[in-house]
Amino acid sequence: MNTEKKFRIHISGDKLVLLAANVAVFILFTALNKNFLTVANMINILIAASLVGLVAVGHTYLIIAGQNDLSPGSLAAFSGVLAALLVSKGIPFFAAVLLTIMCGVLVGAFNAFMVNKIRLEAFIATLVTQSIIRGFAFIICGGKPVSVSDKTFVALGKARVFYVPVAVWIMIICIVIFGIILAKTKFGRSIYAIGGNQDAARLAGLNPQRIITICYTMMGVLCSIGGIIFAARMNSGQPSANVNLEFDAITAVILGGVSFVGGVGDTGGTVLGIILIQAFNTGLIMVNVPTFWHYVARGGLLLFALTSDYMRKQKREKDLLAASMKNL
Amino acid sequence: MTYHFRHMPANKFGIIDTGKANEMAAKIIEDFGLPIHPAMKVKDLSIVYQQMVEIMKAYSRENLKVICFDAPTASLSDSEIEMLFKIIVKLKAEGKIIIYVSHRMDEIQRITDKVAIFKDGHYVDTVKTGVVPEDEMIRMMVGRDLGDIYKDLDRDKEIGDVLLEVKNVSSDYVKENSFVLHKGEVLGFSGLVGAGRTELMRAIIGADAMRTGEVFLEGKSILNRSPHEAMEHGIVLVPEDRKMQGILANLSVSDNINISLLDQNSDKLGFVSREKEAKAAEEGIRNFKIKTPSPDKKIVELSGGNQQKCIVARWISTNPKVLILDEPTKGIDVGAKSEFYQMICQFAKQGLGVILISSELPEVIGLSDRIIVMKSLKIVGEVDGAEATESKLLSLGMIGEVREA
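So the sequences go chain by chain: A and B.
Under the working numbering, think of the first position of the first sequence as 1, with each following residue one higher.
Under the working numbering, think of the first position of the second sequence as 1001, with each following residue one higher.
Now the structure itself:
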């Protein structure tokens, strides 16, 4: 019992650091621009985070499972264009959404196929998809953005419930549901197990390939939903949108304590990571940092995330060594 | 392989003279009398030769005085151990100091002059090899007299009906093999490292795809396309490589015990019951005397023996019919070993069919009712446990027939 207590405090120790980083970012940008810490701006940050948030949830699953995905940006753009196109061709909104999500499932399944059956590295496999799907995003609309005029579609981007935009609600609901699945269910346990060691997990009676397939298709669904909402917010499906989306999502997830080693991390950390990265991105715009420098700053943030991941890993190993010495 | 040596000949620009490096390597290889070419890649060598390369690397240093071997024979077969010992004798003759860490008594007896004994992380004493008898040394290591650990075991000689029948099973890694296992039987598998014992078991449980053959459990034909299906049929494997294939290093003791029970421990929606998991973990820890301060401890923090007990607890909690143990006592201290031996006998008594793969001959002989010997991916013979001797098993495993000395 006692050790369990200690263990919890230890986890929240990592979270505290992240929370402190969040506070620091908020204080910094508030000091530079008084309008940063306002309710309207907080809502803006949440809206901007709604797409990254969905993708980051998918990445939390995938990276804990020892996988990765570089295709979300392309898939989100493709989904936005496809949904807008289908609706403009007279297909009812909900049918269009369903068809688009089914495409997302197929793309996810294709990623899983490459990783499971062709045995490609996740990074390389999903780089393939990134390029192919971006291509199709341009191909299906002839390279021109498809405007959205359907009322329900537009409302998806604009409507608010209890002052909070629907887009944000959808993100919150997804985070809560997928967070609970990861923490409490058989499926969630299996993800941690295969992320730590796929061979051992398979010999223990799990089915890593099936679990990986579910994670990738889930990511496909999340990207499609996110892409549709993004198109709704922009009033058009844009084939060139969401470049580097996966970059932000991965940064958020790693900041949140998920490790590239696999088998480590949780959804709570990811939430803090999402808030941090979106506050950072929004802040850069508000204090008038030139756009080109945003790339440099984001790279810096990712470097910071990776370094802290490395340091956490070192610490874990050191703790382990100390503990096993004590056990003798 | 050349590139493995630390002190590379280089010109003043730091460019390595490959020809000269190869020459130097060739000379050392010749000194050691090994059939390796300097330009071969280390990864293409067998494990024993890889180890030889490591030794030669150390040897190539001019100021070499002490070489430490840390359990060097763990993954070597008997003939390979002979090769290693020849090298050690050669190094010793040249005046090098050898520190040889091992828990294999016979090796220590053969190769050492003095033995420093440690127990639970503490130094006990240094004794002269040959002066202090083996059982005395074991007593110092475990703090108690093991006696003849095999004789004292609570063996159940009653063997039941045929439980598992394996007919012409082969995979990409092992040739066609057939054998039967009875209820309550401990069936030993002997042979050299690489004889195909592990590979045969992996084919049976579906870890590797079965290419030919059929498996019958209690007379019914079954098909295991994955370890999961094998588990559902009641055939489970405790793998040889505990670190890489057994434990889930990032998870706790409780999670490691419960990982194969996820179906039983969760409700229809897939939610895992913490109470059920806690109960199963507690049972496992109690039944197998796993030494851990808490079920929530990370499994890697436990000693090797206790980690192995967690894996056994994991499988026993699924109520298997056939338990396959692949080198279960590898890298485990003497005290924990005897606990495992008692466990194995207990399992057989409870009616399980136990398959015991072991490269330690006294272990297979001491525990098994029957012993199957494999050589070059084929079963070459079967020896009754009571009639088995080390020389019988060795000659079967090495030349494929029994030639009593």
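Glycine is no exception: its CB is placed at the ideal position from the N, C-alpha and C atoms.
Checklist entry - Straight-line CA distance for ARG1225 (chain B) to ARG202 (chain A)? => result In the second sequence, counting from the first residue as 1, residue 1225 (chain B) sits at position 225. In the first sequence, counting from the first residue as 1, residue 202 (chain A) sits at position 202. Distance between the alpha carbons of ARG1225 (chain B) and ARG202 (chain A) is about 12 Å.
Next on the checklist: Taking CB distances under 8 Å as the criterion, tell me whether ARG312 (chain A) reaches chain B.
Outcome noted: Counting from 1 along the first sequence, the entry for residue 312 (chain A) is found at position 312. Chain B, which has no Cβ nearer than 8 Å to the Cβ of ARG312 (chain A), makes this no.
Item to check | CB contact check: ASP199 (chain A) to chain B, cutoff 8 Å | outcome: Your numbering for residue 199 (chain A) matches position 199 in the first sequence. Yes, its Cβ sits closer than 8 Å to a Cβ of chain B.
Checklist entry - Three-state secondary structure (DSSP) at ASP1076 (chain B)? => result Against the second sequence, residue 1076 (chain B) aligns to sequence position 76. A quick correction: the sequence has Leu, not Asp, at residue 1076 (chain B). Assignment of LEU1076 (chain B) by DSSP, reduced to helix, strand and coil, places it in the coil class.
Next on the checklist: Between GLN1245 (chain B) and chain A, is the shortest Cβ-Cβ distance under 8 Å, so that the two count as touching?
Outcome noted: In the second sequence, residue 1245 (chain B) corresponds to position 245, counting from 1. Judged by the 8 Å Cβ criterion, GLN1245 (chain B) is in contact with chain A.
Next on the checklist: Could you check whether ILE274 (chain A) and ALA65 (chain A) sit closer than 8 Å to each other, using their CB atoms as the reference points?
Outcome noted: Stepping through the first sequence from its first residue, residue 65 (chain A) is reached at position 65. Stepping through the first sequence from its first residue, residue 274 (chain A) is reached at position 274. It is not a contact, given that the beta carbons lie outside the stated cut-off.
Item to check | C-beta neighbour in chain B for TYR192 (chain A), strict 8 Å | outcome: If you number the first sequence from 1, residue 192 (chain A) lands on position 192. By this cut-off, TYR192 (chain A) is an interface position.
Checklist entry - Is ALA1278 (chain B) closer than 8 Å to PRO1295 (chain B) when the C-beta atoms are compared? => result To locate residue 1295 (chain B), count along the second sequence from 1; it is residue 295. To locate residue 1278 (chain B), count along the second sequence from 1; it is residue 278. In this structure, ALA1278 (chain B) lies closer than 8 Å to PRO1295 (chain B) by Cβ.
Checklist entry - Is it buried or exposed for LEU16 (chain A), if we count other Cβ within 10 angstroms and need 16 for buried? => result As a working mapping, residue 16 (chain A) is identified with position 16 in the first sequence. Under this definition LEU16 (chain A) is an exposed residue.
Item to check | Under the three-state DSSP convention, the category THR1212 (chain B) falls into | outcome: Here residue 1212 (chain B) corresponds to residue number 212 of the second sequence, with the count starting at 1. The answer is strand: DSSP assigns THR1212 (chain B) an E or B state.
Checklist entry - Does the region 1313-1332 of chain B touch the region 1226-1235 of chain B, meaning 3 or more C-beta pairs lie closer than 8 Å? => result yes
Next on the checklist: Quick check on HIS1233 (chain B): does DSSP put it in helix, strand or coil?
Outcome noted: As a position in the second sequence, residue 1233 (chain B) is number 233, starting the count at 1. Note: HIS1233 (chain B) maps to helix in three-state DSSP.
Checklist entry - Touch check for the region 1381-1400 of chain B and the region 1185-1205 of chain B: three-plus C-beta pairs under 8 Å? => result Yes, the region 1381-1400 of chain B touches the region 1185-1205 of chain B.
Next on the checklist: If I follow the unbroken alpha helix (DSSP H) through ASN1287 (chain B), where does it start and stop?
Outcome noted: As a first step, residue 1287 (chain B) is located in the second sequence; it is residue number 287 there, counting from the start. From DSSP, the alpha helix (DSSP H) with ASN1287 (chain B) extends over 1274-1287.
Next on the checklist: Rounded to whole angstroms, what is the Cα-Cα separation between ARG1155 (chain B) and GLY188 (chain A)?
Outcome noted: Along the second sequence, one-based indexing puts residue 1155 (chain B) at 155. Along the first sequence, one-based indexing puts residue 188 (chain A) at 188. Using only the alpha carbons, I get a separation of about 43 Å.
Next on the checklist: Would LEU320 (chain A) and THR251 (chain A) be called neighbours here (beta carbons separated by less than 8 Å)?
Outcome noted: Looking up residue 320 (chain A) in the first sequence gives position 320. Looking up residue 251 (chain A) in the first sequence gives position 251. Not a contact, by the Cβ cut-off of 8 Å.
Checklist entry - If you compare alpha carbons, which of A:PHE304, A:MET286 and A:SER224 is closest to ASP248 (chain A)? => result Residue 248 (chain A) sits at position 248 when you count from the first residue of the first sequence. Ranking the options by Cα distance to ASP248 (chain A), first place goes to A:PHE304.
Item to check | Per-residue DSSP class, three states only, for ALA216 (chain A) | outcome: To locate residue 216 (chain A), count along the first sequence from 1; it is residue 216. The amino acid occupying residue 216 (chain A) in the given sequence is Tyr; Ala does not appear at that position. Three-state result, TYR216 (chain A): helix.
Checklist entry - With DSSP run on the structure shown, which of helix, strand or coil describes ALA1116 (chain B)? => result Position 116 of the second sequence holds residue 1116 (chain B). Residue state, collapsed to three classes: strand.
Item to check | Separation of THR1198 (chain B) from ASP1145 (chain B), as counted between CA atoms | outcome: Here residue 1145 (chain B) is taken as the residue at index 145 of the second sequence, counted from 1. Here residue 1198 (chain B) is taken as the residue at index 198 of the second sequence, counted from 1. Reliability fails at ASP1145 (chain B), whose pLDDT of 49 lies under 50, so the model's placement of it is uncertain and the value that follows must be treated cautiously. One C-alpha to the other measures close to 33 Å.
Next on the checklist: For the region 89-123 of chain A, list every residue whose C-beta sits within 7 Å of some C-beta in chain B, in sequence order.
Outcome noted: none
Next on the checklist: With three or more C-beta pairs closer than 8 Å as the rule, is the region 43-52 of chain A touching the region 258-266 of chain A?
Outcome noted: No, they do not touch.
Checklist entry - Can you find a CB in chain B that lies within less than 8 Å of the CB of THR329 (chain A)? => result With chain A covering 1 to 328 only, the question about residue 329 (chain A) has no answer from this structure.
Checklist entry - Cα separation between ILE101 (chain A) and ARG210 (chain A)? => result On the first sequence, residue 101 (chain A) is found 101 positions in, with the first residue counted as 1. On the first sequence, residue 210 (chain A) is found 210 positions in, with the first residue counted as 1. Rounded to whole angstroms, ILE101 (chain A) to ARG210 (chain A) spans 20 Å at the Cα level.
Item to check | Within chain A, the residues that GLU1275 (chain B) reaches when beta carbons sit closer than 9 Å | outcome: Here residue 1275 (chain B) refers to the residue found at position 275 when the second sequence is read from its first residue. By Cβ distance, chain A contributes nothing, its closest Cβ being about 13 Å from GLU1275 (chain B), past 9 Å.
Next on the checklist: Quick check on TYR1003 (chain B): does DSSP put it in helix, strand or coil?
Outcome noted: If you number the second sequence from 1, residue 1003 (chain B) lands on position 3. Note on TYR1003 (chain B): pLDDT 46, under 50, position unreliable in the model; no value is reported.
Checklist entry - Can you give the beta carbon distance from ILE1204 (chain B) to GLY1184 (chain B), rounded, assuming they're within the 8 Å contact cut? => result For this step, residue 1204 (chain B) is matched to residue 204 along the second sequence. For this step, residue 1184 (chain B) is matched to residue 184 along the second sequence. Contact doesn't hold; Cβ gap of about 19 Å is too wide.
Next on the checklist: Once the 5 residues before and after LYS315 (chain A) are set aside, which same chain residues still bring their CB inside 7 Å of it?
Outcome noted: Working through the first sequence from its first residue, we reach residue 315 (chain A) at position 315. Same-chain partners within the cutoff: there are none.
Next on the checklist: Can you check which of these residues, A:GLN278, A:GLN238, A:SER190 and A:PHE29, is closest to ASP1263 (chain B) by C-alpha distance?
Outcome noted: Taking the second sequence and counting its residues from 1, one reaches residue 1263 (chain B) at position 263. If you compare the alpha carbons of A:GLN278, A:GLN238, A:SER190 and A:PHE29 with that of ASP1263 (chain B), the shortest gap goes to A:SER190.
Checklist entry - Between GLY1147 (chain B) and ASN1287 (chain B), what straight-line distance do the alpha-carbon atoms span, to the nearest angstrom? => result Counting from one through the second sequence, the residue named residue 1147 (chain B) turns up at place 147. Counting from one through the second sequence, the residue named residue 1287 (chain B) turns up at place 287. Below a pLDDT of 50, predicted positions are generally treated as unreliable, and GLY1147 (chain B), at 49, falls in that range; the measurement from the model is reported next regardless. So the two alpha carbons sit approximately 24 Å from each other.
Item to check | Amino acids of chain B, ordered along the chain, whose beta-carbon sits closer than 7 Å to that of GLY205 (chain A) | outcome: Here residue 205 (chain A) refers to the residue found at position 205 of the first sequence. In chain order: PRO1227, HIS1228, MET1231 and SER1260.
Next on the checklist: What would DSSP say about ASN1063 (chain B), mapped onto helix, strand or coil?
Outcome noted: In the second sequence, residue 1063 (chain B) corresponds to position 63, counting from 1. In this structure, ASN1063 (chain B) counts as coil in the three-state DSSP scheme.
Next on the checklist: Can you tell me where the beta strand (DSSP E) holding GLU246 (chain A) begins and where it ends?
Outcome noted: For the purposes of this step, residue 246 (chain A) is taken as residue 246 along the first sequence, with counting starting at 1. Careful: GLU246 (chain A) lies outside any beta strand (DSSP E), inside the alpha helix (DSSP H) at 245-255.
Next on the checklist: Can you look up LEU1146 (chain B) in the DSSP assignment and give me helix, strand or coil?
Outcome noted: As a working mapping, residue 1146 (chain B) is identified with position 146 in the second sequence. Bear in mind that the predicted position of LEU1146 (chain B) carries a pLDDT of just 45, short of 50, making it unreliable; the figure below should be weighed with that in mind. For LEU1146 (chain B), the secondary structure class from DSSP, reduced to helix, strand or coil, is coil.
Item to check | Contact under 8 Å by Cβ, VAL1380 (chain B) with MET1141 (chain B) | outcome: Counting from one through the second sequence, the residue named residue 1380 (chain B) turns up at place 380. Counting from one through the second sequence, the residue named residue 1141 (chain B) turns up at place 141. No, the Cβ-Cβ distance between VAL1380 (chain B) and MET1141 (chain B) is not below 8 Å.
Next on the checklist: When you compare the CB of ALA20 (chain A) with every CB in chain B, is at least one pair closer than 8 Å?
Outcome noted: Indexing the first sequence from 1 puts residue 20 (chain A) at position 20. Not one chain B Cβ lies under 8 Å of ALA20 (chain A).
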